[in-house]
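Under the working numbering, the first residue of the sequence shown carries the number 44, and numbering increases by one thereafter.
Even for Gly, the Cβ is constructed at its ideal location relative to N, Cα and C.
Keep in mind that this is a model prediction, so the values were computed, not measured.
Notes follow once the structure below has been shown.
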Amino acid sequence: RGSRKLWTIMQSKRRKLLKKNLIGNNNTKKGKNESTISSPKDNPLYARTVIVMDIKTSGTEDPETMVQNLRDSVSFILDQYYDIQEARLDMGKELEVVLCVESPGGAVQDFGLAADQVTRLRNAGKDNDSELKNNDLKVTVCVDKIAASGGYMIACQAHPGQLFAAPFAIVGSIGVLRETINVHDVLKKYGIQPLLLKAGNAKVPLTNTAEVTPEALELVQQNLKRTHDEFKAVVAHAREGMIDSEDFEDVTNGDIFLGERAKSLGLVDRVITSDEYIHERLKAGDRVLRLHKYDKNRMGRSLSPLDLFLLRSSGMLGKMKSSLRVQNESFVRL
């Protein structure tokens with residue numbers, strides 16, 4: 044009960060802060076002196092804001108959940124970024140999104156869609172219809188453990204010069220595979236005849252029970268090669284000018300690389316851990332927030348993302364200090 048009362052007080056103070064710092068004079072409709080809401084670029088509460096996000100598929104989170112959370116997170120950030128005509132939290136003149144990627148890869152459909160979400164962030168501000176055309180949203184990717192295969196497809200969407208890896212992080216594995224078990228001969232041995240009826244000779248060339256033919260293997264191999272070529276094209280576009288053309292085939296053949304070797308080949312831009320980089324941002328005076336999925340049991344009360352952003356901006360969740368502990372205490376609900 045005491046905690047709920049405290050949150051109520053915080054929300055009340057948040058509303059007053061919003062009215063004072065972001066809305067300005069709201070009496071225009073009442074016939075008083077005309078005024079407008081200032082742009083974030085004109086009178087920012089903070090010179091620079093850094094939002095840290097986790098993108099992980101290792102452990103308990105499956106790729107489909109990761110993709111859905113990423114879509115929601117990117118949409119939320121872009122809504123705030125483009126919303127310069129309405130009263131909103133002022134993130135400052137510059138916004139940086141730091142993505143901490145940890146994934147060994149997975150289904151091409153999931154990771155291709157996830158990479159597209161990061162591309163949405165990377166391309167923010169380039170829309171001709173947008174009022175924000177200064178490319179003031181930077182996407183940084185940090186890899187502490189692994190960003191292989193589909194994980195690297197996501198990671199390479201960072202802005203040029205902003206893809207970082209820890210010294211022993213694994214990156215690369217730019218390749219495609221398909222693995223299956225065929226029990227046709229075993230079934231035949233016991234007198235079981237599998238039946239597969241289809242129209243179109245390229246339809247499902249390989250199954251677990253149908254006979255494997257050279258033609259079927261060739262079709263599957265062609266599909267894998269086409270997918271691999273698309274993967275290589277994504278990397279070439281995202282890392283344009285950073286991977287030497289003479290090394291490109293060698294780094295996109297499915298091999299993996301550790302931090303320093305990956306840097307020398309142009310797969311990453313700097314060897315540094317996410318903790319070190321975030322600490323640099325804190326020391327530089329940036330406002331650092333961590334975006335993660337809302338846990339109702341943990342927070343005890345439903346608050347909007349804007350509520351929590353503003354609680355931090357008002358100092359009611361503690362003043363920002365140059366320590367890594369602070370960025371772990373900033374919460375935003377999706």
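Check: So, using beta-carbon positions, are I120 and V161 closer together than 7 Å?
Finding: Here residue 120 corresponds to residue number 77 of the sequence shown, with the count starting at 1. Here residue 161 corresponds to residue number 118 of the sequence shown, with the count starting at 1. A distance of 7 Å or more separates the beta carbons of I120 and V161.
Check: In angstroms, rounded to a whole number, what distance separates the CA positions of I321 and E254?
Finding: Residue 321 sits at position 278 when you count from the first residue of the sequence shown. Residue 254 sits at position 211 when you count from the first residue of the sequence shown. If I take the Cα positions, the gap works out to 55 Å.
Item checked: Cross-strand partners of T92 (DSSP beta bridge) -> Start at 1 with the first residue of the sequence shown, and residue 92 comes out as number 49. Beta bridge pairing from DSSP links T92 with L138 and R330.
Notebook entry, point to check: CB-CB under 6 Å to R313, same chain, minus the five flanking residues each way: which ones, in chain order?
Noted result: Locating residue 313 in the sequence shown gives position 270, where the first residue counts as 1. Excluding residues within five positions, the ones whose Cβ falls inside 6 Å are F207.
Item checked: Close-in-space but distant-in-sequence residues of the same chain around I315 (CB under 6 Å, 5 per side omitted) -> As a working mapping, residue 315 is identified with position 272 in the sequence shown. Spatial neighbours of I315 in its own chain (CB-CB distance under 6 Å, excluding positions within 5 residues in sequence) are listed in chain order as F207.
Item checked: Beta-carbon spacing of A212, P147 below 7 Å -> Along the sequence shown, read from residue 1 onward, the residue named residue 212 stands at position 169. Along the sequence shown, read from residue 1 onward, the residue named residue 147 stands at position 104. Cβ atoms of A212 and P147: not closer than 7 Å.
Checklist line | Cross-strand partners of K181 (DSSP beta bridge) | finding: Against the sequence shown, residue 181 aligns to sequence position 138. Assignment of beta-bridge partners to K181 by DSSP yields E139.
Check: So A208 is in the beta strand (DSSP E); what residue range does that whole segment cover?
Finding: Locating residue 208 in the sequence shown gives position 165, counting from the first residue. Where A208 is concerned, the enclosing beta strand (DSSP E) stretches over L206 to A208.
Notebook entry, point to check: So, helix, strand or coil for R313, using DSSP?
Noted result: Position 270 of the sequence shown, counting from 1, holds the residue named residue 313. If DSSP states are grouped into helix, strand and coil, R313 belongs with the strands.
Note to self: If you reduce the DSSP assignment to three classes, tell me which class I189 lands in.
What the structure shows: Walking along the sequence shown from the start, residue 189 turns up at place 146. Three-state DSSP puts I189 in a strand.
Note to self: I want to know whether the segment 270 to 280 touches the segment 242 to 259 - three or more CB-CB distances under 8 Å.
What the structure shows: Too few Cβ pairs lie closer than 8 Å, so no.
Next item on the list: Enumerate in chain order the residues of its own chain whose CB-to-CB distance from G155 is below 6 Å, with the five nearest sequence positions on each side excluded.
Entry: Along the sequence shown, read from residue 1 onward, the residue named residue 155 stands at position 112. Once the five neighbours on either side are set aside, G155 has no close Cβ partner at all.
Note to self: Applying the 10 Å Cβ sphere with the 16-neighbour rule, what's the burial state of Q236?
What the structure shows: Walking along the sequence shown from the start, residue 236 turns up at place 193. So Q236 counts as exposed.
Notebook entry, point to check: Shortest alpha-carbon distance to L238 belongs to which of H227, N244 and V144?
Noted result: What you label residue 238 is simply residue 195 of the sequence shown in a count that begins at 1. Ranking H227, N244 and V144 by Cα distance to L238 puts H227 first.
Note to self: What does the alpha-carbon distance come out to for the pair R333 and V95?
What the structure shows: Locating residue 333 in the sequence shown gives position 290, counting from the first residue. Locating residue 95 in the sequence shown gives position 52, counting from the first residue. Spanning the two alpha carbons is a distance of roughly 5 Å.
Margin query: Per the DSSP calculation, D298 is bridged to which residue(s)?
Written below: Locating residue 298 in the sequence shown gives position 255, where the first residue counts as 1. Answer by DSSP bridge pairing: none, since D298 is not bridged.
Next item on the list: Determine the DSSP secondary structure at E222, reduced to helix, strand or coil.
Entry: Within the sequence shown, numbered from 1, the residue matching residue 222 stands at position 179. Correct three-state label for E222: coil.
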